[in-house]
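Reading through the structure tokens given below for one structure.
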Amino acid sequence: MRVAIIGQGYVGLTIAVGAAGAGHSVVGFDVNDGLIAELNAGRSHIEGISDSDLAGFIATGAYKASADSSVLDGCDVIVIAVPTPLDTDRNPDLSYVHAASDLIAKHVKSPALIINESTSYPGTLRKEIAGRITGVKHLYASSPERVDPGNNQWGTKNTPRLIGGLTPAAVARAVHFYGGFCDNIIEVSSPEVAEAAKIFENTFRQVNIALVNEFVQIADALGISGREVLDAAATKPYGFMPFNPGPGVGGHCIPVDPSYLAHVANEVGVPATFIKRANEVNLAMPAYVVKRVVAGSGGSVKGKKVVVVGVSYKSNVADTRETPAAAVIDLLREQGAIVNWHDDLVGAWRGESSSLVAGAEIAVVVTKHEGVDLAAVKACGYVFDCTGSIDDVDGI
Ligand SMILES: NC(=O)c1ccc[n+]([C@@H]2O[C@H](COP(=O)([O-])OP(=O)(O)OC[C@H]3O[C@@H](n4cnc5c(N)ncnc54)[C@H](O)[C@@H]3O)[C@@H](O)[C@H]2O)c1
2 MRVAIIGQGY VGLTIAVGAA GAGHSVVGFD VNDGLIAELN AGRSHIEGIS DSDLAGFIAT
62 GAYKASADSS VLDGCDVIVI AVPTPLDTDR NPDLSYVHAA SDLIAKHVKS PALIINESTS
122 YPGTLRKEIA GRITGVKHLY ASSPERVDPG NNQWGTKNTP RLIGGLTPAA VARAVHFYGG
182 FCDNIIEVSS PEVAEAAKIF ENTFRQVNIA LVNEFVQIAD ALGISGREVL DAAATKPYGF
242 MPFNPGPGVG GHCIPVDPSY LAHVANEVGV PATFIKRANE VNLAMPAYVV KRVVAGSGGS
302 VKGKKVVVVG VSYKSNVADT RETPAAAVID LLREQGAIVN WHDDLVGAWR GESSSLVAGA
362 EIAVVVTKHE GVDLAAVKAC GYVFDCTGSI DDVDGI
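In my numbering, each residue carries its 1-based index in the sequence shown increased by 1.
Spelled out as structure tokens, the structure:
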């Protein structure tokens, strides 16, 4: 089949490579010209796709990237994988989804299967995508992406995939398409169920992370190790699921998706109280970290050299979206600390570059990538570890 993927970010490029591997002829469409040039040169910008895999598919003609929207017409399948962020009031920003839908409405004149993989609230496929595309009789399905960048155990192939469609024909076509590169497909009765399942999954994580984040603060005040308690609780073989505390939540999903659910909950008059409270707890974690760092550094960090180690939102990925490291750094600077950061994976961020760990008096480990020089970290006078993975240092 001829397949177009709108958006060549984490999700879109992953699906593009999956579909190319299944024997389809894939064009990855994106509005970012620089990214298109890089992709066509065989350079991948995401961790899960190697340059050699990408170059291989380009060489056989199975994949090409393009910024020319005319490539969309004549495709059998068009997958939408564009950002769904929050606006400045923390409400859903569907402008990218609308722009992608409008491109389809303008350029695609032959009927296609249109699939949305972007995360959004229930009703998005029906109202915000299909509702904007008039004239041509397309088929519409929702298959929210569950990719976890950097996760070597669960990828596109073996993560079960939900599919809901506006019609049985749309579901059947989507099942056939994903069946080429996904092992386990689960049909649900409507796109709204698939959309809601995705945001509920991430809300479940957001709320449980907030719960352990609040719990470790209680445990610390009680003079016991929160992490030891969580490890002890996790020995129960049923009825308990471990979550890790940390400096807050980052990335495109956990800090964002629950607010999509809260938005529709509000519209139907049911308050999403857990989501609101979990956001408050998670967003307050950088301030808690800085409070602990100040306390552990003799009551003040003023004029002290601090290095924040690992600024991406999770280990072994370079993604800094919504990373709590930003607030940790800003709050330390507000306290008068001289703050640099070290993250070789990220390299450059917020107009600053990764610096050395050596020479700092205080190290605050927000994210620990493989290969980070722990000896250099431990050589700092005081170490505060937010990851719970460095022995014999202070932390959460
Ligand atoms: N990153 C993840 O781990 C993850 C996991 C599951 C679901 N999701 C969801 O998938 C969606 C995409 O996320 P992502 O992480 O791939 O985003 P991303 O920012 O990595 O990539 C999005 C791409 O879309 C492009 N784009 C924006 N508007 C466009 C348009 N009108 N036409 C063509 N391209 C356009 C951007 O240039 C960018 O390259 C979001 O809804 C996100 O919530 C992400």
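C-beta: ideal position from N, C-alpha, C; glycine also.
Do Ser-71 and Leu-104 have their C-beta atoms within less than 7 Å of each other? no
Use the C-beta contact count for Ala-131: other C-beta atoms within 10 angstroms, 16 or more gives buried, fewer gives exposed. buried
Under 7 Å, do Val-367 and Gly-311 count as touching if we go by C-beta distance? yes
Outcome for Arg-147 when other beta-carbon atoms lying within 10 angstroms are tallied against a minimum of 16: buried
Grouping DSSP H, G and I as helix and E and B as strand, with all else coil, what is Asn-341? strand
On the DSSP bridge list, what partners appear for Leu-40? Per DSSP, none; premise fails for Leu-40.
Any heavy atom of ligand 1 closer than 6 Å to the beta-carbon of Val-384? no
DSSP bridge partner residues for Asn-317 (one or two, in chain order): In DSSP, Asn-317 forms no bridge with anything.
Residue from Ala-288, Asn-317, Ser-144 with nearest C-alpha to His-370: Asn-317
Nearest CA to the CA of Asp-31: which residue from Pro-86, Cys-76, Tyr-97? Tyr-97
So, do the region 246 to 256 and the region 198 to 217 have three or more beta carbon pairs nearer to each other than 8 Å? yes
Is Asp-34 near ligand 2 - that is, is its Cβ less than 6 Å away from at least one heavy atom of it? The model depicted lacks ligand 2 and carries ligand 1 instead.
Decide if Asp-320 is buried, meaning its Cβ has at least 16 other Cβ atoms within 10 Å, or exposed. buried
Let me make sure I understand the geometry here. Which of Gly-249, Pro-259, Gln-154 has the alpha-carbon closest to that of Ser-121? Pro-259
Give the secondary structure of Asp-34 by DSSP, where H, G and I count as helix, E and B as strand, and everything else as coil. helix
What first and last residue would you give for the beta strand (DSSP E) that runs through Phe-385? 383 to 386
CA-to-CA distance, Ile-363 to Val-265, given in whole angstroms: 44 Å
Inter-residue CB distance, Arg-293 and Phe-385 (contact presumed, cutoff 8 Å): 6 Å
Through-space distance from Ala-338 to Ile-391, alpha-carbon basis: 23 Å
Could you give the distance in angstroms between the alpha-carbon of Glu-268 and the alpha-carbon of Gly-360? 53 Å
In the DSSP output, what is Gly-62 paired with across the bridge? Bridge partners of Gly-62: none, in fact.
Nearest by alpha-carbon distance to Leu-1: which of Leu-87, Cys-76, Gln-9, Lys-306 is it? Because the chain here runs from 2 to 397, residue 1 falls outside it and cannot be looked at.
Give the secondary structure of Pro-169 by DSSP, where H, G and I count as helix, E and B as strand, and everything else as coil. helix
Ser-355 in three-state terms, based on DSSP: coil
Could you tell me which of Ile-164, Gly-29, Lys-138 sits nearest to Val-189, measuring between CA atoms? Ile-164
Any non-hydrogen atom of ligand 1 within 6 Å of Val-83 CB: yes
Report yes if the C-beta of Tyr-261 is less than 6 Å from at least one heavy atom of ligand 1; otherwise report no. no
Out of Ala-171, Gly-19, Val-365, point me to the one whose CA is closest to Ala-142's CA. Ala-171
Sheet register partners of Pro-93 (DSSP bridge): Leu-87
Rounded C-alpha distance that separates Val-271 from Ala-234: 33 Å
Residues in the same chain with beta-carbon distance under 7 Å from Ala-195, minus the five sequence neighbours each way, listed in chain order, please. Ser-143, Ser-144, Pro-145, Leu-163, Ile-164, Gly-165, Val-189
At a cut-off of 6 Å, is His-46 close to ligand 1 when judged by its beta-carbon and the heavy atoms of the ligand? no
Can you tell me whether DSSP reads Tyr-179 as helix, strand or coil? helix
State the Cα-Cα distance for the pair Leu-40 and Ala-327, rounded to the nearest angstrom. 29 Å
Selected residue, minimal CA-CA separation from Ser-119, among Cys-183, Ile-7, Asp-90: Ile-7
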